[in-house]
Amino acid sequence: MKRLCFVLITFCLLGLESKAQKVLTNSVTQTPVGGALVMDSEGHLLGITKEDGLLTAEMLSVGKIDVVHSAFEPVEFQINGGAEENLEMTPIVSSVSVRGKDKPKADYVKLRGWQRNYQFENKNLTFITEGVVEYFIPINGKGKIKYRTEGLRQLMAKGMTKSYDVTKVNLFERQPLVAKDKKVVSKTADATVWKIMKAGQPFGIQYDMPGGNHSLIEIPDAIAGDTVKFKFFVVKFKFNYISVGQMFTPYREDGKYTMGDLSLSHTFYSVNSSVKKKEVVYNYVEDFYTVEAEYLTKDEAKRQMKIKNSKEAVELLPNVPALSKALMRAKHDFVPSK
1 MKRLCFVLIT FCLLGLESKA QKVLTNSVTQ TPVGGALVMD SEGHLLGITK EDGLLTAEML
61 SVGKIDVVHS AFEPVEFQIN GGAEENLEMT PIVSSVSVRG KDKPKADYVK LRGWQRNYQF
121 ENKNLTFITE GVVEYFIPIN GKGKIKYRTE GLRQLMAKGM TKSYDVTKVN LFERQPLVAK
181 DKKVVSKTAD ATVWKIMKAG QPFGIQYDMP GGNHSLIEIP DAIAGDTVKF KFFVVKFKFN
241 YISVGQMFTP YREDGKYTMG DLSLSHTFYS VNSSVKKKEV VYNYVEDFYT VEAEYLTKDE
301 AKRQMKIKNS KEAVELLPNV PALSKALMRA KHDFVPSK
């Protein structure tokens with residue numbers, strides 16, 4: 001009887017151990033890291049963390065994982081058994097100095113930074129685009145964002161065709177986000193927490209951290225599972241849009257933020273498609289790191305927007321992390337996609 005009890009207890013403990021959680025966390029705030037790409041050591045996508053930072057069974061099925069998130073240093077983790085564990089990631093947010101704040105008639109903010117977009121097809125890296133992008137953003141939130149590029153490199157895996165490259169076409173003109181409707185949730189010496197509202201409903205959370213000279217706006221996984229289906233000619237698409245948007249901005253005393261203050265953004269989405277009964281899952285990631293910001297008058301912005309895109313190669317901008325080891329391995333034999 002004692003032996004039977006011992007066996008039952010052992011099985012119970014093994015069952016508990018198998019359910020032990022491993023969570024990606026911010027090493028400074030100890031909060032979960034959502035929107036992180038988790039890959040094996042060869043760059044095959046295992047999944048993307050939700051806002052709870054939990055690693056799924058598939059992510060834990062390999063011995064070593066490579067984790068990428070634009071707001072954190074890329075890092076490799078060795079998975080050690082089934083013990084509960086917080087896997088810490090180091091944030092890389094740095095403040096961005098904004099020139100021309102004293103211009104009384106500034107109409108735009110120009111953000112100069114590094115754009116890094118990549119695409120996975122059935123969890124294999126197929127396309128990657130990197131280079132300098134300058135965004136011209138209307139301060140009042142009206143009109144659309146314009147951009148120009150420098151040294152933008154578009155690469156694709158051998159055997160792919162450029163017609164499937166989403167990374168090159170998603171540098172689109174978009175409407176700026178203006179965070180106006182906000183309510184203070186809490187306030188301490190270190191941070192003020194706001195709830196951002198949209199159409200009377202909670203839309204995101206904003207953290208003002210004057211000591212760190214930056215602010216974080218989180219638009220959580222609020223519309224995950226909001227699936228859109230449509231048919232385009234003979235191709236069926238199912239969009240499962242998942243956005244864990246995280247915007248790091250220079251801190252502002254007046255508490256008013258627009259996308260013109262953006263210093264770092266990280267968004268992603270997935271698309272399921274069906275062509276001739278063949279199922280394909282695409283995962284697309286867009287990261288942008290601002291290194292310079294400047295207020296411009298309308299005339300100044302117009303003059304700069306007329307400057308043509310430059311194809312001359314550029315070096316990685318300062319304070320922008322290099323590609324992770326797994327992504328470097330995955331793209332080592334890529335060819336240009338033009």
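All residue numbers for the sequence shown refer to UniProt numbering, where the first residue is 1 and numbers rise by one. Every residue gets a Cβ at the ideal spot worked out from N, C-alpha and C, and that includes glycine. Just so it is clear, the structure is predicted and the values come from calculations on it, not from any experiment.
Just to check my reading of the structure: L87 and L24 have Cβ atoms closer than 8 Å, yes? What is that Cβ distance to the nearest angstrom?
5 Å
I need the straight-line Cα distance from A191 to Q206, nearest angstrom please.
10 Å
Starting from K64, trace the beta strand (DSSP E) both ways and give me its first and last residue.
K64 to H69
Any idea which residues DSSP pairs Y135 with across the strands?
L111 and Y147
In three-state DSSP terms, what is M160?
coil
Could you please give the first and the last residue of the uninterrupted alpha helix (DSSP H) stretch that includes E300?
K298 to M305
What are the boundary residues of the beta strand (DSSP E) that includes K22?
K22 to N26
Grouping DSSP H, G and I as helix and E and B as strand, with all else coil, what is K187?
strand
Hey, how far is the Cα of E315 from the Cα of E134?
15 Å
Where does N140 land, buried or exposed, given buried means 16+ other C-beta within 10 angstroms?
exposed
Between which two residues does the beta strand (DSSP E) containing L327 stretch?
Per DSSP, L327 is not a residue of any beta strand (DSSP E); the alpha helix (DSSP H) it occupies stretches across K325 to A330.
For S273, which three-state DSSP category applies?
Here DSSP, grouped into helix, strand and coil, assigns S273 to strand.
Pairs of beta-carbons, one from the segment 64–71 and one from the segment 299–318, closer than 8 Å: are there three or more?
Taking 8 Å as the limit for Cβ pairs, the verdict is that the segment 299–318 does not touch the segment 64–71.
Going by the DSSP bridge assignment, what does Q30 pair with across the sheet?
Per DSSP, none; premise fails for Q30.
For I307, count neighbouring C-beta atoms within 10 Å of its own C-beta (all shown protein chains included) and say buried if the count is 16 or more, exposed if not.
exposed
Is G159 near the ligand SAH, judged by its Cβ being under 7 Å from some heavy atom?
The ligand SAH is not part of this structure, which contains no ligands at all.
Give me the Cα-Cα distance between G100 and E294, rounded to the nearest whole angstrom.
Cα-Cα distance, rounded: 6 Å.
For E51 versus P32, is the C-beta spacing smaller than 8 Å?
yes
Would you mind working out which of A20, T90 and P91 sits nearest T56, comparing C-alpha positions?
A20
Quick check: the Cα distance between K195 and G204, rounded to an integer number of angstroms?
Roughly 6 Å between the two C-alpha positions.
By DSSP, does L60 sit in helix, in strand, or in coil?
helix
Where does A301 land, buried or exposed, given buried means 16+ other C-beta within 10 angstroms?
buried
How should N283 be labelled, buried or exposed, when 16 other C-beta atoms within 10 angstroms of its C-beta is the threshold for buried?
buried
From F232 to S273, what distance separates their C-alpha atoms?
Since pLDDT at F232 reaches only 39, below the 50 mark, its modelled position is unreliable, and the value read off the structure follows with that caveat. The straight-line gap from Cα to Cα measures roughly 11 Å.
Please classify G100: does DSSP put it in a helix, a strand, or coil?
Per DSSP, reduced to three states, the secondary structure at G100 is coil, with no helix or strand assignment.
With C-beta atoms as the reference, is G63 less than 8 Å away from I48?
no
Just the Cα atoms here: how many angstroms apart are V28 and R329?
When rounded, the distance between both Cα atoms is 30 Å.
Looking only at DSSP bridge pairs, what is S310 linked to?
E150
Can you give me the Cβ contacts of M160 inside the same chain, cut-off strictly under 6 Å, excluding the 5 residues immediately before and after it?
Contacts found: T126.
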